[in-house]
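Residue numbers (the numbering used here): 572 to 692.
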């Protein structure tokens, strides 16, 4: 494992220790996976592609509606949530959670992880 991968896995592992978080990934804006700890039952490549597409759509909508920069994009579904936020010019942090997760705690941890990821990318 390269030093860059190790440095990216550290904040992902920190997120994984938060109750209610199922896993996290760092993806490029084109959807390719950079690093993840999503687990075997989750398709990493699909998460990367869907995250990039969702964030791209959110950014397009925000621009069209003159809403400014997008802080995060989230999907709340019956069995969980996807929260995605930019992590530098080239990266996106995607977090998958259970539906009943403490979102305040997730956002605090997400902000910390994003800062660490930006330094690596």
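Even for Gly, the Cβ is constructed at its ideal location relative to N, Cα and C.
Only a predicted model underlies this, so the values are computations on that prediction, with no experimental measurement involved.
| Asked | Found |
| --- | --- |
| Restricting to Cα atoms, I'd like to know which of 584, 582, 594 is closest to residue 651. | 594 |
| DSSP three-state call for residue 672: helix, strand or coil? | coil |
| Quick check on residue 680: buried or exposed, where buried means 16 or more other Cβ atoms within 10 Å of its Cβ? | buried |
| May I ask you to report which of helix, strand or coil DSSP gives residue 651? | strand |
| Verify whether the separation of the beta carbon atoms of residue 655 and residue 582 is less than 7 Å. | no |
| Under DSSP, the beta strand (DSSP E) around residue 532 begins and ends at which residues? | Residue numbering for the chain in the displayed model covers 572 to 692; residue 532 lies beyond these limits and cannot be assessed. |
| Only counting the same chain, and skipping five residues up and downstream in sequence, which positions put a Cβ closer than 7 Å to that of residue 619? | 596, 598, 602, 603, 604 |
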